[in-house]
Amino acid sequence: SAVVWMDRISAIKEMQSQSIEAFNAAITERSAGVLGQLEVITARTAWPIISQLSDHFFAERTAFIAEAAHVVPPIGAQGLNLSLGDIEALLDLAKAAPAQIGEADMLKRYHQARRPIAQSRVLGVGALNRASKAEGPIAAKARALGLDAIHRITPLRRQLMQLGLGIR
Ligand SMILES: Cc1cc2nc3c(=O)[nH]c(=O)nc-3n(C[C@H](O)[C@H](O)[C@H](O)COP(=O)(O)OP(=O)(O)OC[C@H]3O[C@@H](n4cnc5c(N)ncnc54)[C@H](O)[C@@H]3O)c2cc1C
48 SAVVWMDRIS AIKEMQSQSI EAFNAAITER SAGVLGQLEV ITARTAWPII
98 SQLSDHFFAE RTAFIAEAAH VVPPIGAQGL NLSLGDIEAL LDLAKAAPAQ
148 IGEADMLKRY HQARRPIAQS RVLGVGALNR ASKAEGPIAA KARALGLDAI
198 HRITPLRRQL MQLGLGIR
């Protein structure tokens with residue numbers, strides 16, 4: 048599995064310049080040791096945590112899929128699932144009318160099927176991202192209450208997991 052550490056740009060830059068040993072100690076401390084001693088086994092990479100949505104999911108004989116069409120912060124594990132959904136939609140359209148592959152009508156249908164879904168994920172995940180970044184005691188309390196509710200209320204937890212898998 049990969050671990051994503053979200054922080055301010057200055058903190059990320061500082062961590063990237065640390066030695067591997069110091070970084071290993073920092074991630075173990077920050078994760079409160081819940082996974083034991085952590086050690087980096089690949090290169091450290093840094094990504095801006097942003098949301099982006101293309102106005103159009105197609106151009107002439109071209110369909111935009113995955114991050115060419117939408118970018119969401121890695122909260123709720125939506126990016127890849129959303130991308131696989133794009134491919135599935137294109138495959139369904141291609142199977143339904145093989146002679147129309149790449150034609151404007153097919154590409155418009157793809158756009159109409161996928162953009163609203165991507166837009167709702169961009170809005171939802173963007174709100175979660177802002178909630179996770181909000182500072183101050185009230186925001187911290189609201190976050191703790193929300194996480195506690197997800198932990199305690201099984202139907203709510205299941206529903207969120209299904210959302211994360213893209214089932215709902
Ligand atoms: C830190 C992080 C954590 C994430 N965690 C999750 C998660 O837990 N669950 C989830 O569902 N999604 C997650 N995502 C999102 C997921 O990784 C993306 O949605 C998915 O990889 C998008 O697929 P893609 O093919 O569009 O882009 P990519 O997977 O980025 O593939 C693009 C490829 O194109 C190559 N490339 C770029 N430019 C060129 C060029 N000029 N010529 C040739 N090749 C080129 C790149 O090297 C790359 O291999 C995460 C993303 C990030 C950044």
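Start counting the sequence shown at 48; every next residue gets the next number (this note's numbering). For glycine and all other residues, C-beta sits at the position ideal for the given N, C-alpha and C.
Annotation: I96 to I56 spans about 10 Å, alpha carbon to alpha carbon. Under the Cβ criterion (8 Å, minimum of three pairs), the region 157–165 counts as touching the region 130–138.
Selection L100, T75 and A124 evaluated against L175 yields A124 as nearest (Cα-Cα). Shown here, A49 sits in coil according to DSSP, grouped into three states, outside any helix or strand. Rounded to the nearest whole angstrom, the CA to CA distance from Q147 to A72 is 56 Å. Judged by beta-carbon spacing, H117 lies within the 8 Å limit of V169, meaning their Cβ atoms are closer than that value. In this structure, V87 lies away from I122, with their beta-carbon atoms at least 8 Å apart.
For the pair S101 and P120, the CB atoms are not nearer than the 8 Å cut-off. In terms of Cβ geometry, R161 and L140 do not form a close pair [threshold 8 Å]. Using a Cβ distance threshold of 8 Å, R204 and I197 count as a contacting pair. A Cβ-Cβ distance of about 7 Å is found for the pair F70 and R91, placing them in contact under the 8 Å criterion.
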